[in-house]
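*Asks:*
2 protein chains.
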Amino acid sequence: MHHSRLCAVLIDCKTADVDEAARFWASALGRPVNAGHRMSRGNYRMLETPPDEPVVEIQRVEHESRVHIDIETDDIPAEVQRLEQLGAVVVSRLKRWVVMQAPTGQRFCVVRVQRPGYPKNANRWT
Amino acid sequence: MHHSRLCAVLIDCKTADVDEAARFWASALGRPVNAGHRMSRGNYRMLETPPDEPVVEIQRVEHESRVHIDIETDDIPAEVQRLEQLGAVVVSRLKRWVVMQAPTGQRFCVVRVQRPGYPKNANRWT
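These protein sequence lines map, in sequence, to chains L and V.
For the first sequence, the numbering used here begins at 167 and goes up steadily by one.
For the second sequence, the numbering used here begins at 167 and goes up steadily by one.
#1: Any idea if R226 (chain V) is buried or exposed, counting beta-carbon neighbours within 10 angstroms, 16 or more meaning buried?
#2: Alpha carbon to alpha carbon, what distance is there between L252 (chain V) and A194 (chain L)?
#3: Using CA coordinates, which residue listed in V:R259, V:S206 and V:P269 is at the minimum distance from W191 (chain L)?
#4: Quick one: any contact between the region 195-202 of chain L and the region 255-275 of chain V, if contact means 3 or more CB pairs under 8 Å?
#5: When you compare the CB positions of P220 (chain V) and L172 (chain V), do they come within less than 8 Å of one another, or not?
#6: In chain order, what are the residue ranges of uninterrupted beta strand (DSSP E) at least 3 long that sit wholly in the region 212-264 of chain V?
#7: So is E228 (chain L) buried or exposed if we call it buried at 16+ other beta carbons inside 10 Å?
#8: Going by Cα to Cα distance, which pick from V:R290, V:A174 and V:N289 is closest to Q280 (chain V)?
#9: Straight-line CA distance for L213 (chain L) to N209 (chain V)?
#10: Looking at V131 (chain L): is its Cβ nearer than 8 Å to the Cβ of V256 (chain L)?
#11: Since H168 (chain L) and D236 (chain L) are thought to touch, with beta carbons under 8 Å apart, how far apart are those beta carbons, to the nearest angstrom?
#12: May I ask you to list the residues that DSSP assigns as paired with L174 (chain L)?
#13: Report the CB separation of K306 (chain V) from E223 (chain V) in whole angstroms; it is logged as a contact under 8 Å.
#14: Tell me whether E250 (chain V) is buried or exposed, calling it buried when 16 or more other Cβ atoms sit within 10 Å of its Cβ.
#15: Looking only at DSSP bridge pairs, what is Q267 (chain V) linked to?
#16: DSSP three-state call for V199 (chain L): helix, strand or coil?
#17: Taking only the alpha-carbon atoms, compute the straight-line gap between R248 (chain L) and W291 (chain L) and give it to the nearest angstrom.
#18: Can the beta-carbon of H234 (chain V) be found closer than 8 Å to that of D183 (chain V)?
#19: Which residues in chain V have a C-beta closer than 8 Å to the C-beta of S193 (chain L)? List them in chain order.
#20: Assign R259 (chain V) to buried or exposed, taking buried as 16 or more other Cβ atoms, counted over all protein chains shown, within 10 Å of its Cβ.
#21: Which residues, taken in chain order from the region 213-240 of chain V, show a beta carbon closer than 9 Å to some beta carbon of chain C?
#22: Residues in the region 173-186 of chain V with C-beta within 7 Å of chain L's C-beta atoms, listed in sequence order?
#23: Closer than 9 Å by beta-carbon distance: list the chain V residues that pair up with A268 (chain L), in chain order.
#24: Kindly say whether N287 (chain V), judged by its beta-carbon, lies nearer than 8 Å to any beta-carbon of chain L.
#25: Tell me which residue opens and which closes the beta strand (DSSP E) that R204 (chain L) is part of.
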C-alpha cells in the first residue's frame, strides 16, 4: 500500500536569473518567495504555500520555459509502476526522483513527500 | 480593491479524445472526473477538487500538449493591469477571460472566480 497526490506546480523558466523569475511569479500569484526554505537553492526558488495547497516553485531550466506538475509519494517505485500501468512512460530515473511522460505528452515528475498534511489528504493505492 | 489567486492547473492535451485524456489524469492524480460539473463540456473535463486546492481540468487543444495555470479574480481588467505592471503582456482578450504571457515565457489565463473559498483565501490588491 502506498500513497500519492499532486504535490507541486513547477514553473520552469529559461532564464539567466532565477531570482528575477521568482519575483515575477511571487508577485503574480501573491505567494512571496520563501528564501529560507531548504529547497530554495541552486536553480530552485520556493514560493510560500497557503495551507493545504500544492507547492509552487520556480526552476531555472535550459529547455524552453513551461509548466509541469510533480506527484509526491511515499513509495516512488510503486507509484512509477502504477503510472506505467496507466500508460505513462519513464523518461529518466534520477537519484531522488523520476521523470515520466503522460500518454497525452506532458512530462511530470514523481518525487518524495514534500507537502504538509501527507498522507492524510493523499490518495491511498493498494 | 480587487482579489486574485492561483485558480487552476490546466492540462492542455493535443488529443482527439478528451475523455480518454481525462481518464488518465484522473487516475494519475486520484481526482475522479467530475462529469456533472457545469464546466465539463465541449473541450473541457473537470476533475474533482479536494477542499481548498486549485482545480485541475483537462482541455483538448490543437497546439502541442502542455500545462498552464489560471489566475482567478473578481476584476479581470484590474488584475490584467496589475500583471502588466509586473511585466506580463496580453496575448488575447476573449469574451470571458484574458490570455497573458509571463516575462519568463509561459502563457497563463486570467479568469473569473471559480474556486470555492474566494475571496477569503485570495490575495487582496489595492
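Beta carbons: idealized from backbone N, C-alpha and C, even for Gly.
*Replies:* According to the structure shown:
#1: Indexing the second sequence from 1 puts residue 226 (chain V) at position 60. With 16 or more other Cβ atoms within 10 Å, it is buried.
#2: To locate residue 194 (chain L), count along the first sequence from 1; it is residue 28. To locate residue 252 (chain V), count along the second sequence from 1; it is residue 86. Cα to Cα, the separation comes out at about 7 Å.
#3: Translated into the one-based positions of the first sequence, residue 191 (chain L) becomes position 25. Nearest to W191 (chain L) by alpha-carbon distance, out of V:R259, V:S206 and V:P269, is V:P269.
#4: no
#5: Numbered from its first residue, the second sequence carries residue 220 (chain V) at position 54. Numbered from its first residue, the second sequence carries residue 172 (chain V) at position 6. Yes. Within cutoff.
#6: 221-226, 232-239 and 255-259
#7: Sequence index remark: in the first sequence, residue 228 (chain L) carries index 62 (1-based). With fewer than 16 other Cβ atoms within 10 Å, it is exposed.
#8: Within the second sequence, the letter at position 114 stands for residue 280 (chain V). With distances taken between Cα atoms, Q280 (chain V) lies closest to V:A174.
#9: Locating residue 213 (chain L) in the first sequence gives position 47, where the first residue counts as 1. Locating residue 209 (chain V) in the second sequence gives position 43, where the first residue counts as 1. Taken atom to atom, the span from the alpha-carbon of L213 (chain L) to that of N209 (chain V) is near 31 Å.
#10: Nothing about residue 131 (chain L) can be read from this structure; chain L reaches only from 167 to 292.
#11: Within the first sequence, residue 168 (chain L) is the residue found at index 2, counting from 1. Within the first sequence, residue 236 (chain L) is the residue found at index 70, counting from 1. Actually they are not in contact, since the Cβ atoms of H168 (chain L) and D236 (chain L) sit about 16 Å apart, beyond 8 Å.
#12: As a first step, residue 174 (chain L) must be located in the first sequence, where it is residue number 8. Per the sequence shown, residue 174 (chain L) should be read as Ala rather than Leu. The partner list for A174 (chain L) (beta bridge, DSSP) reads L:V221 and L:D236.
#13: The first residue shown for chain V is 167 and the last is 292, placing residue 306 (chain V) beyond what the model contains.
#14: Mapped onto the second sequence, residue 250 (chain V) falls at position 84. When all chains shown are included, E250 (chain V) counts as exposed.
#15: Taking the second sequence and counting its residues from 1, the one referred to as residue 267 (chain V) is at position 101. V:V255 and V:R273, per the DSSP bridge assignment.
#16: The sequence position of residue 199 (chain L) within the first sequence is 33, counting from 1. Here V199 (chain L) sits in strand by DSSP.
#17: The residue labelled residue 248 (chain L) in the question sits at position 82 within the first sequence. The residue labelled residue 291 (chain L) in the question sits at position 125 within the first sequence. Between R248 (chain L) and W291 (chain L), the C-alpha separation is close to 9 Å.
#18: Working through the second sequence from its first residue, we reach residue 234 (chain V) at position 68. Working through the second sequence from its first residue, we reach residue 183 (chain V) at position 17. Not closer than 8 Å, so no.
#19: Residue mapping note: residue 193 (chain L) aligns to position 27 of the first sequence, counting from 1. Those within 8 Å of S193 (chain L) in chain V are L252.
#20: Mapped onto the second sequence, residue 259 (chain V) falls at position 93. Exposed, by the Cβ-count rule.
#21: Protein chains L and V are contained in the structure displayed, whereas chain C is not.
#22: V175, I177, C179, K180 and T181
#23: Here residue 268 (chain L) refers to the residue found at position 102 when the first sequence is read from its first residue. I177, C179, A187, F190, W191, A194 and S231, listed in chain order.
#24: By one-based count along the second sequence, residue 287 (chain V) stands at place 121. Output row for N287 (chain V): interface = yes.
#25: Walking along the first sequence from the start, residue 204 (chain L) turns up at place 38. Neither: R204 (chain L) is in no beta strand (DSSP E) and is coded neither H nor E.
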